[in-house]
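Asks: Reading the sequence shown from the start, the letters are residues 515 to 944 in the working numbering.
Each residue gets a CB set at the ideal place from its N, CA and C atoms; glycine is no exception.
My questions will all concern the structure given below.
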Amino acid sequence: MSRILSSEKPPMGWNSYDYYDTTVTEREVRANAEYMSQNLKEYGWEYIVVDIQWYAHYAGTRREECQYIPFGKVEIDEYSRLWPCPGRFPSSAGGQGFKPLADYIHGLGLKFGIHIMRGIPRIAAHNCMKIMNTDITADRISDPYSICSWNPDMYGVIPQAEGAQAYYDSVFQLYAQWGVDFIKCDDICRMDAASAKEEIRMLHDAIKNSGRQMVLSLSPGPALLDEAWHYETYANMWRITDDFWDDWKLLKQMFVRCEHWQNHVSEGNYPDCDMLPVGMLGKGFGDERMTRFTKDEQITMMTLWCIFRSPLMIGAELTLMDKWTKGLLTNPEVLALLSDKCKASQLARNGDRCIWHSSHRENGFNYLAVFNLSEEESEIVIQTCLLNIENFKDICFKELWTGEIFTCTTKDLVLKVPGHGAKLCRFQQT
515 MSRILSSEKP PMGWNSYDYY DTTVTEREVR ANAEYMSQNL KEYGWEYIVV
565 DIQWYAHYAG TRREECQYIP FGKVEIDEYS RLWPCPGRFP SSAGGQGFKP
615 LADYIHGLGL KFGIHIMRGI PRIAAHNCMK IMNTDITADR ISDPYSICSW
665 NPDMYGVIPQ AEGAQAYYDS VFQLYAQWGV DFIKCDDICR MDAASAKEEI
715 RMLHDAIKNS GRQMVLSLSP GPALLDEAWH YETYANMWRI TDDFWDDWKL
765 LKQMFVRCEH WQNHVSEGNY PDCDMLPVGM LGKGFGDERM TRFTKDEQIT
815 MMTLWCIFRS PLMIGAELTL MDKWTKGLLT NPEVLALLSD KCKASQLARN
865 GDRCIWHSSH RENGFNYLAV FNLSEEESEI VIQTCLLNIE NFKDICFKEL
915 WTGEIFTCTT KDLVLKVPGH GAKLCRFQQT
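Here it is in structure tokens:
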């Protein structure tokens with residue numbers, strides 16, 4: 515199985531989509547990588563991921579009509595493999611592909627990732643283009659009825675067709691040559707297409723055959739809970755939600771999704787809550803703005819993602835990051851929850867509150883995340899029976915977002931939590 519090289523925690527990084535949509539350029543990727551290297555790397559942030567349509571020549575130029583231009587010009591080689599558009603990624607010219615950009619990012623001590631769509635380019639099938647190391651042409655492995663409902667670039671492959679695995683192998687051989695560390699594959703996770711389940715396996719096998727370790731991330735969700743074994747066997751990350759944006763209704767729904775997937779988090783296997791829409795967002799969508807989440811809602815999101823141990827992918831333009839957002843993303847005591855030495859579970863949830871607990875197998879700390887899902891500030895009571903503790907009285911707590919240290923004075927713990935907010939407390943049992 516493909517596994518993350520350093521799997522003590524889920525992947526942490528930056529993805530270009532939430533700010534740039536389809537339009538990100540090499541200069542912008544490098545600038546974000548430089549920021550991460552200088553400001554975030556020491557806290558565990560390491561992946562720089564170029565999202566959708568890096569191969570498209572006119573991406574974003576008809577945004578008022580469509581997000582993805584139907585049958586637009588793409589950069590493609592003779593073997594049906596997409597390449598970076600040199601107008602947006604100048605270092606890719608002359609057959610270099612993403613190698614110069616990946617080398618630059620690796621030189622910063624970071625890792626490089628790209629977004630791909632499930633399948634084979636439709637233009638390759640229409641023109642009967644070659645498949646590397648075979649006598650098969652693209653039309654013979656393409657399923658013209660297997661088309662993504664929201665992106666027109668690809669046909670699904672026919673898994674049992676001769677040459678289908680050879681196509682995926684050739685693509686990932688190219689990515690290995692470029693130095694790609696992370697693959698986000700789209701139009702595959704929720705298995706809308708009949709071939710998607712088998713294509714997940716084919717991607718896994720292509721990574722294995724490439725000889726290079728790569729993280730395999732599947733999108734979009736919601737992932738299918740009854741296919742958990744398949745995701746865990748053939749991928750490293752799988753989205754448990756559709757695209758997640760800065761909307762409280764979407765954040766509140768994540769508590770249900772995390773409850774359903776909590777028992778499927780393990781080393782190298784991470785149900786994915788999607789990107790963190792913090793900081794400055796939306797420029798490529800024509801809606802540049804600071805996140806619509808309040809600060810309390812951002813603390814709630816970060817607390818849930820960390821105690822659940824979701825991968826963390828920042829959606830913001832890093833070079834525009836403000837001091838408060840940087841602090842949200844670089845709290846080492848909160849990020850410690852991501853360790854595979856922590857095991858978390860939900861203890862209680864209703865329409866107004868949610869309580870999660872995690873214990874660290876090595877340092878002996880317990881972590882208690884208390885969420886107020888209602889509109890108004892509330893006092894939330896955490897009863898001893900929830901944690902199988904006799905008495906909270908005289909136990910010393912540290913609230914990790916504020917740094918406040920306090921001792922409980924009653925048998926049950928009572929926390930005042932702002933509306934849509936969270937408290938994250940660390941303590942040790944005596």
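Please report the Cβ distance between Y784 and R823, rounded to the nearest whole angstrom; I am assuming they are in contact, meaning their Cβ atoms lie under 8 angstroms.
Replies: To locate residue 784, count along the sequence shown from 1; it is residue 270. To locate residue 823, count along the sequence shown from 1; it is residue 309. At roughly 7 angstroms, the Cβ-Cβ gap stays under 8 angstroms, so Y784 and R823 are in contact.
Asks: Alpha carbon to alpha carbon, how far is R636 from P658?
Replies: Working through the sequence shown from its first residue, we reach residue 636 at position 122. Working through the sequence shown from its first residue, we reach residue 658 at position 144. Rounded to the nearest angstrom, the two C-alpha atoms are 8 angstroms apart.
Asks: Let me check one thing: in DSSP terms, what residues is F920 bridge-paired to?
Replies: Working through the sequence shown from its first residue, we reach residue 920 at position 406. Beta-bridge pairing links F920 to F911.
Asks: Which full runs of the alpha helix (DSSP H) of 4+ residues lie inside the region 574-658, going along the chain?
Replies: For the region 574-658, whole alpha helix (DSSP H) runs of length 4 or above, ordered along the chain, are 613-621, 636-640.
Asks: Report the option in K698, G735, D706 whose CA atom is closest to the CA atom of L717.
Replies: Translated into positions along the sequence shown, residue 717 becomes position 203. Checked all of K698, G735, D706; the closest Cα to L717 is K698.
Asks: Can you list, in chain order, the residues of its chain whose CB lies under 6 angstroms from that of T833, leaving out five sequence neighbours each side?
Replies: Counted from its first residue, the sequence shown places residue 833 at position 319. So the qualifying residues of the chain are A545, Y549.
Asks: Is Q776 helix, strand or coil by DSSP?
Replies: Reading the sequence shown from its first residue, position 262 is the one you call residue 776. It is helical.
Asks: Helix, strand or coil for P785 per DSSP?
Replies: For this step, residue 785 is matched to residue 271 along the sequence shown. Strand at P785.
Asks: Is the region 548-562 in contact with the region 520-531, if contact means three or more CB pairs nearer than 8 angstroms?
Replies: A contact exists between the region 548-562 and the region 520-531.
Asks: Just how far apart, CA to CA, sit I630 and S663?
Replies: For the purposes of this step, residue 630 is taken as residue 116 along the sequence shown, with counting starting at 1. For the purposes of this step, residue 663 is taken as residue 149 along the sequence shown, with counting starting at 1. Approximately 15 angstroms between the Cα atoms of the pair.
Asks: Report the residue from S660, G611, L851 whose alpha carbon sits nearest the alpha carbon of T817.
Replies: What you label residue 817 is simply residue 303 of the sequence shown in a count that begins at 1. Considering only alpha carbons, the answer is L851.
Asks: Using the Cα positions of G633 and N886, report the straight-line distance between them to the nearest angstrom.
Replies: Along the sequence shown, read from residue 1 onward, the residue named residue 633 stands at position 119. Along the sequence shown, read from residue 1 onward, the residue named residue 886 stands at position 372. Using only the alpha carbons, I get a separation of about 43 angstroms.
Asks: In terms of residues, what are the limits of the beta strand (DSSP E) holding Y669?
Replies: Walking along the sequence shown from the start, residue 669 turns up at place 155. 668-671 is the extent of the beta strand (DSSP E) around Y669.
Asks: With DSSP as the reference, please indicate the residues paired to F696 in a beta bridge.
Replies: Your numbering for residue 696 matches position 182 in the sequence shown. Paired residues: G627, V729.
Asks: Would DSSP call W838 helix, strand or coil?
Replies: Translated into positions along the sequence shown, residue 838 becomes position 324. Helix.
Asks: Please state whether DSSP places S888 in a helix, a strand or coil.
Replies: Indexing the sequence shown from 1 puts residue 888 at position 374. Reduced to three states, the DSSP call for S888 is coil.
Asks: I'd like the span of the beta strand (DSSP E) that includes H744, first residue to last.
Replies: Counted from its first residue, the sequence shown places residue 744 at position 230. That residue, H744, is in no beta strand (DSSP E); its alpha helix (DSSP H) goes 742-748.
Asks: If the criterion is Cβ atoms closer than 8 angstroms, does the pair I702 and A710 meet it?
Replies: Position 188 of the sequence shown holds residue 702. Position 196 of the sequence shown holds residue 710. In contact: I702 and A710 (Cβ atoms closer than 8 angstroms).
Asks: Of the residues P736, E741, W759, W762, which one's Cα is nearest the Cα of R753?
Replies: For the purposes of this step, residue 753 is taken as the residue at position 239 of the sequence shown. Comparing Cα positions, the closest option is P736.
Asks: Using C-beta distances below 7 angstroms, list every residue in its chain close to K644, excluding the 5 sequence neighbours before and after it, in chain order.
Replies: Position 130 of the sequence shown holds residue 644. Closer than 7 angstroms at Cβ, skipping near neighbours: E592, Y593, S594, T651.
Asks: Is the region 766-778 in contact with the region 798-808, if contact means three or more CB pairs nearer than 8 angstroms?
Replies: Short answer: they don't touch.
Asks: What did DSSP end up calling L738 once you bin it into helix, strand or coil?
Replies: If you number the sequence shown from 1, residue 738 lands on position 224. Coil.
Asks: Judging by CA-CA distance, which residue of D854, E891, V848 is the nearest neighbour of A883?
Replies: Here residue 883 refers to the residue found at position 369 of the sequence shown. Of the listed residues, the one whose Cα sits closest to A883 is V848.
Asks: Does DSSP put G933 in a helix, a strand or coil?
Replies: Reading the sequence shown from its first residue, position 419 is the one you call residue 933. Coil, per DSSP.
Asks: Roughly how many angstroms separate the alpha carbons of C922 and I828, rounded to a whole number?
Replies: By 1-based counting over the sequence shown, the position of residue 922 is 408. By 1-based counting over the sequence shown, the position of residue 828 is 314. Distance between the alpha carbons of C922 and I828: 35 angstroms.
Asks: On the CB-based measure, 16 or more other CB atoms within 10 Å of its CB, does F920 come out buried or exposed?
Replies: For the purposes of this step, residue 920 is identified with residue 406 of the sequence shown, where counting begins at 1. Answer is exposed; the Cβ neighbour count stays below 16.
Asks: Which same chain residues end up closer than 7 angstroms to D926 when comparing Cβ atoms and leaving out the 5 residues on each side of it in sequence?
Replies: As a working mapping, residue 926 is identified with position 412 in the sequence shown. Once the five neighbours on either side are set aside, the close Cβ partners of D926 are V895, I896, Q897, T898, F906.
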